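Residue numbering for the sequence shown follows this note's numbering, starting at 273 and increasing by one per position.
Glycine is no exception: its CB is placed at the ideal position from the N, C-alpha and C atoms.
Here the structure is a predicted model, which is why all the values come from computation and not from measurement.
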Amino acid sequence: MTNPATVAPSAPVEIDAAALRAARDKRSLTQAELGGLCGITAQYVSQLETGFRTRVSRPVLTSLAGVLRVRPETLRKAA
């Protein structure tokens with residue numbers, strides 16, 4: 273397991289598609305609404321939720337977590 277303190281701040285992280293979808297549903301947001309609030313497209317949100325894309329930048333992870341009101345670790349795939 274990698275120590276988060278030793279990972280470069282800009283290194284992409286793996287996202288948990290199911291956790292992202294569950295957090296978005298809990299906030300009653302559409303993919304378009306979440307994307308708009310985070311500065312990404314609805315298509316990108318869809319790709320993350322379906323597992324087509326599995327990695328995001330730390331700024332995107334932080335933005336998603338902030339809008340969804342969860343800790344970033346909640347959206348990260350377990351190692």
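Selection from the options that minimises the alpha carbon distance to residue i
{"i": "Thr334", "options": "Cys310, Glu305, Thr326", "result": "Cys310"}
{"i": "Ala304", "options": "Thr326, Ala295, Tyr316", "result": "Tyr316"}
{"i": "Val342", "options": "Arg293, Ser282, Ala283, Pro284", "result": "Arg293"}
Whether residue i touches residue j by CB criterion (8 angstroms)
{"i": "Ala289", "j": "Thr322", "result": "yes"}
{"i": "Glu286", "j": "Arg348", "result": "yes"}
{"i": "Leu336", "j": "Arg299", "result": "no"}
Residue i burial status per 10 Å Cβ neighbour count (16 or more: buried)
{"i": "Pro338", "result": "A small correction: the amino acid at residue 338 is Gly; Pro does not occupy that position in the sequence shown. Exposed, by the Cβ-count rule."}
{"i": "Arg327", "result": "exposed"}
{"i": "Ala283", "result": "exposed"}
{"i": "Ala295", "result": "buried"}
Extent of the continuous alpha helix (DSSP H) run through residue i
{"i": "Val317", "result": "314-322"}
{"i": "Asp297", "result": "289-298"}
{"i": "Gly338", "result": "330-340"}
{"i": "Thr346", "result": "344-347"}
{"i": "Leu301", "result": "Note, Leu301: premise wrong, no alpha helix (DSSP H); not H, not E."}
Residue i at chain B interface by Cβ criterion, 8 angstroms
{"i": "Phe324", "result": "Protein chain content of the structure displayed is limited to a single chain, and chain B is not contained in it."}
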